[in-house]
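Reviewing the structure listed below.
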Amino acid sequence: MDSAQLFTFATIAYLAAMVLYISYLVFRKEGVGKAASFTTYAGLALQTVALAMRWIESYQMGIGRAPLSNLYESLVFFTWCTVLIYVIVEWKYKIRAFGAFVMPVAFLALAFINVAGISTDISPLVPALKSNWLFYHVLLSFISYATFGVAFAVSLIYLLQDTDERGSSVNLFAALGIFALLVVLGYVLTASGMKVPFWIGLGVLAVAWFTYLVMKGALNKPLVYLFITLCSTLALGLLVFMGIDYLVFSMQGQPAGEGFRKHMFESTFISRSIPVVAVSWAALFSLFALIWSQGLRIKALLKQFMPAQDILDDLTYRLIAFGWPLFTAGGLVMGAIWANSAWGTYWGWDPKETWSLITWFIYSIYLHGRYVRGWRGTQTTIISLIGFLSVIFTYLGVNLVLSGLHSYGGMN
Amino acid sequence: MEKQEQQGMVEVVADKIWKFFSSVKLAVVLLIILAVVSVIGTVIQQNQAPEEYLKEYSLTTIQLFENLGFFDLYHTWWFVLLLLLFTANLTICTLERFPYAWKAMRAPLKPLEDDGFKAVPFKKEIVVKGGMEAAETTALKALHGKRYSHQLTKEQGMTHLAAQKGAYSRMGVYVTHLSIILIFVGALIGAFFGFKGFLNLPEGEASSVVYLRNEPLWDQIMDGFGISKSPVIHDPRGGVPAMPLGFYVRTDDFEVDYYANAGRPTGMPSEFWSLLSVYDLRQQKVLEKRIRVNDPLTRNGITFYQSSYGTIPNAVGKIVLNVNQKNSPGPGETIVVMPGSSVYVKSIDRTIKAVGMAPFGMRDPATGQVQYYQARNEELINPTVELEVYRGKSLAYRTQVMKVDSGEPSMPENYRISYIDYWGARYTGLQVTKDPGVWIVYAGFILLCVGPLVAFFGSHRKLWVRIQERKGQAAVLVGGSSNRNRIAFEREFNSIVETIAK
């Protein structure tokens, strides 16, 4: 048996744990919860062995390096850290229901490896990576990423409890209207060659909305409700639609990986057939409406299970207060020292560097936001959510979408 | 009245500015702006050639971005201004709050009165058997066990213990802020007095200048005002400006090692290195170092980093071979021959002719046949030399020698010829920087690692113990507070109370 097989078993264990945690949430049977925890421990143990084996395998191949140096290994390590930190939180706080929110993160990270066709080879290091800094830089970065990931899950639960009012259905229709308008605008501008301005505009709009929510969100509960609905819709929708792409691709017998990434959403949102595009958007809008109408029910379910909001708020703060110093030291400072010893520039405004700085800014805002009057709770929680989105972009988005020095962290 | 108003004007303005810069809200707003603005520079590729931009954007968009500085966003005046504002905000916030934190850290321990006990977040009263003396001893023991420092005061029938630990953790946040100020100052010093440049130096050549990516700001300013002449040499034809080094740097040798798979080079570099020598202006050698990626050479504050390499187009190098008697322990004789020419080797009385030289040859270990492969960018992946060996004028035999041989070259006579180097056809790519501010930045880095750890993992914990005589037993009142991490403190508090109660 080699490490790859063990990783597969660990992935299956995490999938099972995810299903069990969600069933625990729905059916509230103590036995199910225990099974979920046990499956998680088993998955974590398997993955630990697999990590050690991969390390040994690299020595057997004559390469000999810690399993932390390409995208595949970092995704595996990220998952491992996330599950480990989750297990610690579950053990300390004795609350199992968090699992329903954390395990999907772990499972999706591992599933992403297969879907995106990331190379699992143990490849030798390029000269620039041959440095002792590699180990500490990556190790600390990913421990902090995992901490932020768990903080994200906790914040999500906090915000779900925050959804007291959803307002009248006028809100829903207004939101759908604006959404549809933006979609149409997007197609029109893309067709007329103004794709970049459109995305920049959309980004500015999103940031403006985030800022408004953070500043005044607590006063406008229906808007927070809409925000959560939109985020869940996009997260769920993107997953489903990427899944459809993946299925279509598999049916056509094309290999996953490069081709799949380049043709993302071609079987739905950017299909050549207009009816397919229309149906795709209609499905997404329906999903939005569905989540909007059922949100309060989900919340009622959660409320019986979840700890009070002040405990969640405190837990988010502790996780971030733990992750931020590690991220500062491991992610930023060690990265900068390494860059200086390799290229003579400790800071080059490379996209990866800049995005890690943006992430650092966001969590710094979180930590300082608590000292701004009236900012505890909803506002800071939203910042924690945005922070983790920025982490994901720093980690994956930069390599997949933008280019720069860290491009060797790419897919193949 | 009037006087007050006059004074007021200046004071009010100064006060307003100070207040503006000392607010946490401004810090948060600036952080948001910095985060958002930074995104733009990652979406739009920075410092590309105009052709690249034309591929992606329309002319009007390019014009707009150019005017806004979006193509070199992180060096625009307004981005630097944002960073400056942020640093000013940080500095003033720190100055505003530091005295209070210092006072809180240095505040002497004082016994707590009844009102004080009412206000502390944690308190517990217990009765200890064995009198006041015994209670005092156990309490002191419990406090020392948890590394608290204490102060003891006695009144009649009452003993006060005030204890604390982790007071230093109040400084963590200021250490963090100071570190960021240091990094900013260090970066400014680097921009004013340092430079970044590059140098592509062929094997065997020396240079006394490097080519600049950016000129030191100080030199530009001094030159602009006509105060002192910038040492930078500008090419009148608009070439890359050059910075004199004040010494010569020479590439003595350059090598690339490739990863091997089952004894065959794969073409993926595992390491590349240059042997650099430094000569002073009188051409005396002062320094020599083999530099690799992640291991540079420094002279007079100027550092040379191994960054890339390449083959010089149409250049012909020298083939370096070694000739040694078989079974001889000696080093043998090193010979140099140009491709296509021959050289007479006295020690073996043969003439060796290098017929040709290929960048990537490989021997089949079974048949001994040599195959040639295409090498990307003419890279010398496994240089292979075809040799003809002459006895007098007549050809004795032909053979091939190569850098990494997976078989045995044919050597029919009692000596062995081996490949050493193909020298002079490649250049080493060096990044050259001078950054006098880097040590300040590094000092900032160290503080930036330490500060947050102290701030978030430490906490200032205070405990008060009051022991009173009550019917031959000791009534002990314990109170405690912590500025951070209350849950961990609660655990410690309970454990201390338990220890005293025993």
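If you read the protein sequences in the order shown, they are chains A and B. Using my numbering, read the first sequence as starting at 1 and increasing by one per residue. Using my numbering, read the second sequence as starting at 1001 and increasing by one per residue. C-beta: ideal position from N, C-alpha, C; glycine also.
**Item:** Nonlocal neighbours in the same chain, by C-beta distance under 6 Å from K1165/B, ignoring five residues either side
**Value:** Counting only Cβ-Cβ distances below 6 Å, and skipping sequence neighbours, we find R1147, Y1148, R1461.
**Request:** Consider the Cβ of Y1259/B: report whether some Cβ of chain A lies at a distance smaller than 8 Å.
**Result:** Chain A, which has a Cβ nearer than 8 Å to the Cβ of Y1259/B, makes this yes.
**Prompt:** Along chain B, which residues have their Cβ under 7 Å away from the Cβ of P351/A?
**Reply:** Simply T1042.
**Asked** Is T1433/B close to chain D, meaning its C-beta is less than 8 Å from at least one C-beta of that chain?
**Response** The structure shown contains no chain D; the protein chains it does contain are A and B.
**Asked** If you drop the 5 nearest sequence neighbours on each side, which residues of the same chain put their C-beta closer than 7 Å to that of A475/A?
**Response** Given a span of 1 to 412 for chain A in the structure shown, any question on residue 475/A remains unanswerable.
**Message:** Using beta carbons (cut-off 8 Å, strictly below), is E1271/B in contact with chain A?
**Reply:** Yes, contact with chain A.
**Reference D1253/B, options A1425/B, W1077/B, I1440/B, closest by Cα** = The shortest C-alpha separation from D1253/B is found at A1425/B.
**Prompt:** Is H1234/B helix, strand or coil when you go by DSSP?
**Reply:** Three-state result, H1234/B: coil.
**Message:** Output needed for K1019/B: all residues of its chain with C-beta closer than 8 Å, excluding positions within five of it in sequence on either side, in chain order.
**Reply:** Once the five neighbours on either side are set aside, K1019/B has no close Cβ partner at all.
**Request:** Verify the CB distance criterion: does N1294/B have a CB-CB separation below 8 Å to chain A?
**Result:** Contact of N1294/B with chain A is assigned, a C-beta pair being separated by under 8 Å.
**Asked** When DSSP labels each residue in this structure, what does F265/A get in the three-state scheme?
**Response** Shown here, F265/A sits in coil according to DSSP, grouped into three states, outside any helix or strand.
**Prompt:** Is it the case that the Cβ atoms of N1214/B and K1196/B are separated by a distance below 8 Å?
**Reply:** With respect to K1196/B, N1214/B sits close: the two C-beta atoms are nearer than 8 Å.
**Asked** Roughly how many angstroms lie between the CA atoms of K216/A and T1266/B, to the nearest whole one?
**Response** Going by the C-alpha atoms only, they are around 59 Å apart.
**Message:** Just to confirm the assignment, what range does the beta strand (DSSP E) spanning T1433/B have?
**Reply:** From DSSP, the beta strand (DSSP E) with T1433/B extends over 1426-1434.
**Item:** Within-8 Å CB hit, S192/A to chain B
**Value:** Not closer than 8 Å to any Cβ of chain B, the Cβ of S192/A fails to qualify, so no.
**Item:** Rounded separation between A336/A and G323/A - CA only
**Value:** Their Cα atoms are separated by approximately 18 Å.
**Message:** Could you pull the DSSP bridge partners for Y1419/B from this structure?
**Reply:** In DSSP, Y1419/B forms a bridge with L1321/B.
**Prompt:** Between M1001/B and A1455/B, what straight-line distance do the alpha-carbon atoms span, to the nearest angstrom?
**Reply:** Any reading at M1001/B must be qualified, since the residue scores a pLDDT of 44, below 50, and its modelled position is unreliable; the value itself is stated next. In this structure, the CA atom of M1001/B is about 47 Å from the CA atom of A1455/B.
**Request:** Tell me P1269/B's beta-bridge partners as DSSP assigns them.
**Result:** BP columns for P1269/B point to Y1258/B.
**Message:** Along the chain, where does the alpha helix (DSSP H) containing A180/A start, and where does it finish?
**Reply:** Element bounds for A180/A: 169-191.
**Message:** I want to see whether chain B comes within less than 8 Å of I358/A, judged by CB atoms only; does it?
**Reply:** Under the Cβ distance rule, I358/A counts among the residues neighbouring chain B, one pair being separated by less than 8 Å.
**Request:** Return the CA-CA distance between D1280/B and Y1248/B, expressed in angstroms with no decimal places.
**Result:** Between D1280/B and Y1248/B, the C-alpha separation is close to 6 Å.
**Request:** Go ahead and pull the three-state DSSP assignment for Q1220/B.
**Result:** Q1220/B falls in the helix class under three-state DSSP.
**Presumed contact (8 Å Cβ cut-off) between L1387/B and Q1371/B, rounded CB distance** = Rounded, the Cβ-Cβ distance is 17 Å, inconsistent with contact.
**Asked** From V1043/B, D1257/B, F1457/B, T1087/B, pick the residue whose C-alpha is nearest to that of G203/A; which is it?
**Response** It is V1043/B whose Cα lies nearest to the Cα of G203/A.
**Asked** Does any C-beta atom of chain A lie closer than 8 Å to the C-beta of F1122/B?
**Response** No, F1122/B lies away from the interface with chain A (no Cβ there is under 8 Å from its Cβ).
**Asked** Roughly how many angstroms lie between the CA atoms of I358/A and G1041/B, to the nearest whole one?
**Response** Going by the C-alpha atoms only, they are around 11 Å apart.
**Item:** Own chain, CB closer than 7 Å to E1521/B, minus 5 neighbours either side, in chain order
**Value:** For residue 1521/B there is no data in the structure shown, the boundaries of chain B being 1001 and 1502.
**Message:** Need the endpoints of the beta strand (DSSP E) that R1470/B sits in, please.
**Reply:** First-last of the beta strand (DSSP E) with R1470/B: 1461-1470.
**Item:** Cβ separation of L1073/B and Q1045/B, assumed to be a contact under 8 Å, to the nearest whole Å
**Value:** Their Cβ separation, rounded to whole angstroms, is 11 Å, which puts L1073/B and Q1045/B out of contact at 8 Å.
**Prompt:** Based on the DSSP output, what are the partners of F1195/B in its beta bridges?
**Reply:** Answer is K1434/B.
**Message:** Once the 5 residues before and after A1163/B are set aside, which same chain residues still bring their CB inside 8 Å of it?
**Reply:** The residues are L1109, L1143, Y1148, S1149, H1150, Q1151, K1462, L1463, W1464, V1465.
**Prompt:** Mind pulling the chain A residues with CB within less than 9 Å of V1401/B?
**Reply:** Listed by position along chain A, the residues whose Cβ is nearer than 9 Å to that of V1401/B form an empty set, because the closest Cβ is around 26 Å away.
**Message:** Check for me: the beta strand (DSSP E) holding M1362/B runs from which residue to which?
**Reply:** From DSSP, the beta strand (DSSP E) with M1362/B extends over 1361-1363.
**Asked** Which chain B residues sit within Cβ distance under 7 Å of S364/A?
**Response** Within 7 Å Cβ-Cβ: L1031.
**Proximal residues of chain B, C-beta to C-beta of A106/A below 7 Å** = Chain B residues near A106/A: none, gap ~25 Å exceeds 7 Å.
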